[in-house]
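Have a look at the structure below, then the notes.
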Amino acid sequence: MNITLTHNDHRIHVQASIDNPSAPNIIYLMTPVVSVSHELSQGFMSGLTEGGCNIFAIDFPGIGRSEGSSREIRYETMAGSMLSLIMYIQENYSANIHLYGGTGTGGIIGQALAMDSRIAPHIRSFSQFGAAIYRDSSPLADTRLLRIAYPLIQLIARIAPGTRLPFRLPEYHGLHAAEEDQWYKTIMQQYPGTFDLSFSLIASLCFLILGSASPLRNQLGCPTLVIASTEDRYFSRGYLQQYYDSLPCKKHLVWIASSHLAFVWNAEEINQAVLEWVHAH
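For what it's worth, full-length UniProt numbering labels the leading residue of the sequence shown as 1, then goes sequentially.
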């Protein structure tokens, strides 16, 4: 079913699958490039709706079916719409709320939200595919160069937030390389521009990783499940292990013998691990 919330006078789209009113509630986030209701997104949630939980997948303002211009794609609007969804779930279902950030960038944004002092008290557990180490942007770009470019990115995001940076697939020769390259090629042919990122979103990611007020400076307090691919073209194994080792909370690490697109190839395995984590907490 579809739920419409309101944040800053904009309608926020939420795709929900309800098991029963007393079931655990999972808020699902993905890389904010298309709607969670887009046919491309449905496979990422394979099996998630069949595990005895209520699932709430949200389009942030300016993304997918939610209202708002490119200027709305900022961390603060993401946090505000997340709080609106949390309040809705608490009022209509229960306070048993868990957060799941998937597909890479969704994991980074979910991590920031789970570390945000306004949101963290409402989250019982967090699961993520994709992670960020504060002030280490190596999964996205060279940290030194990104620090130099950050002021320019901020300027473009203010002047022309809808300007989009054409997507370029990083070179990769590891596990499932040919299949993964072909998947991206096929999707880009079927849905041109899908993976192009607006400067407003790029600036938001830069803020999270490099900004002095980023919630990523904080520590995770809730039980955290980290799901990682052994061969990921974006997130090196060393980077993910370093992130996991730094977590001070109750935690568990699941390595998937796959590539970055494990959330495509291994969606059911990943989502089953998330469901087990949620039910355990």
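C-beta: ideal position from N, C-alpha, C; glycine also.
Please read these numbers as outputs of a predicted model, since none were measured by experiment.
*Can you list the alpha helix (DSSP H) stretches of 4 or more residues lying completely in the stretch 204-263, in chain order?*
Counting only runs of 4 or more, we get 237-246.
* DSSP three-state assignment for residue 70, whether helix, strand or coil -> The answer is helix: DSSP assigns residue 70 an H, G or I state.
* **Rounded C-alpha distance that separates residue 283 from residue 40** => Only positions 1 to 281 of the chain appear in the structure, and residue 283 is not among them; the question remains open.
| request: Just the C-alpha distance for residue 164 and residue 198, rounded to the nearest angstrom, thanks. | output: Note on geometry: alpha-carbon atoms of residue 164 and residue 198 lie some 4 Å from one another.
If you count every other CB in all the chains shown that lies within 10 Å of the CB of residue 162, and 16 or more means buried, which is it? Counting Cβ neighbours within 10 Å, residue 162 comes out exposed, since fewer than 16 surround it.
**Beta-carbon separation (whole angstroms), residue 62 vs residue 73, contact threshold 8 Å** = Rounded, the Cβ-Cβ distance is 4 Å, consistent with contact.
Residue environment, residue 31, which counts as buried when at least 16 other CB atoms sit within 10 Å: Around the C-beta of residue 31, 16 or more other C-beta atoms lie within 10 Å, and the residue is accordingly described as buried.
Worksheet item: Should residue 129 and residue 26 be called a contact, given that it needs their Cβ atoms to be closer than 8 Å?
Response: No, they are not a contact pair.
Quick check: residue 261 and residue 180, are their CB atoms within less than 8 Å of each other? Yes, they are a contact pair.
- Task: Would you check if the stretch 205-214 and the stretch 42-55 touch, i.e. whether three or more CB-CB distances between them fall below 8 Å?
- Result: The stretch 42-55 vs the stretch 205-214: no contact.
| message | Among the candidates 238, 174 and 105, whose CA atom is the shortest distance from the CA of residue 202? | response | Among 238, 174 and 105, the Cα nearest to that of residue 202 belongs to 105.
- Task: Determine the DSSP secondary structure at residue 160, reduced to helix, strand or coil.
- Result: Of the three classes helix, strand and coil, the one that applies to residue 160 here is coil, per DSSP.
query: Which value, in whole angstroms, describes the spacing of the CA atoms of residue 16 and residue 186?
result: Rounded to whole angstroms, residue 16 and residue 186 show a C-alpha spacing of 28 Å.
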